[in-house]
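Numbering (my numbering), first residue to last: 163 to 318.
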């Protein structure tokens with residue numbers, strides 16, 4: 163028995179293997195795009211919630227200043243109120259809050275979260291105060307001797 167071996171060009175197996183490889187690479191590509199897309203959604207949602215929490219904090223603080231102004235119009239009285247600062251994901255070590263006669267101004271040394279909330283300024287005295295928010299959980303709003311102010315420390 164004398165057999166002669168001949169070569170046969172069969173490419174069907176190679177085509178199948180290439181199909182598997184391309185299918186795998188397409189799956190990797192789709193999963194990568196999906197993970198980037200979900201990360202962008204999560205980041206945008208976190209940033210929006212952070213901005214809303216900061217805005218709510220400033221609105222609460224502005225409302226307390228308005229109540230102190232209302233109390234100042236009643237005469238020579240002292241008024242004190244504590245406002246709790248809601249926790250945010252922002253670096254609050256970089257936050258400074260300033261009270262002017264017509265607004266509360268949040269200055270973010272990190273950049274993007276600078277905000278201003280306007281107040282009526284209808285109190286019988288002046289507004290003053292600037293605080294670094296680093297580690298603060300509460301802010302005190304007080305009116306004493308014709309001045310409405312904000313501070314981290316409880317007034318005496």
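C-beta atoms are modelled at their ideal positions from N, C-alpha and C, and glycine is treated no differently. The structure presented is a predicted model; accordingly, all values stated were derived computationally and were not measured.
Tell me which residue opens and which closes the alpha helix (DSSP H) that residue i is part of.
i, result
"residue 202", "174-234"
Since residue i is in the beta strand (DSSP E), which residue starts that stretch and which ends it?
i, result
"residue 288", "288-290"
"residue 312", "309-313"
"residue 170", "Where residue 170 is concerned, there is no enclosing beta strand (DSSP E), given that its DSSP letter is neither H nor E."
"residue 135", "Beyond the ends of the chain as shown, which are 163 and 318, falls residue 135; an answer cannot be given."
"residue 275", "Premise fails: residue 275 is in no beta strand (DSSP E) and is neither H nor E."
"residue 243", "241-246"
Which term fits residue i, buried or exposed, when burial requires 16 or more other beta carbons within 10 angstroms of its beta carbon?
i, result
"residue 172", "exposed"
"residue 257", "buried"
"residue 310", "buried"
"residue 221", "exposed"
Below 9 Å between beta carbons: does that hold for residue i and residue j?
i, j, result
"residue 305", "residue 239", "yes"
"residue 363", "residue 314", "Since the first and last residues shown for the chain are 163 and 318, residue 363 lies out of range."
"residue 252", "residue 212", "yes"
"residue 285", "residue 231", "yes"
Run through DSSP, which three-state label would residue i get?
i, result
"residue 254", "helix"
"residue 295", "coil"
Compute every distance between the C-beta of residue i and the non-hydrogen atoms of the ligand NAP, then say whether any falls below 8 Å.
i, result
"residue 198", "The ligand content of the structure shown is nil, which means the ligand NAP is not present either."
State whether the stretch 275-289 contacts the stretch 257-267, with contact taken as three or more CB pairs (one from each stretch) at a distance under 8 Å. yes
Counting beta carbon pairs with one atom in the stretch 177-187 and one in the stretch 225-241, are three or more of them shorter than 8 Å? no
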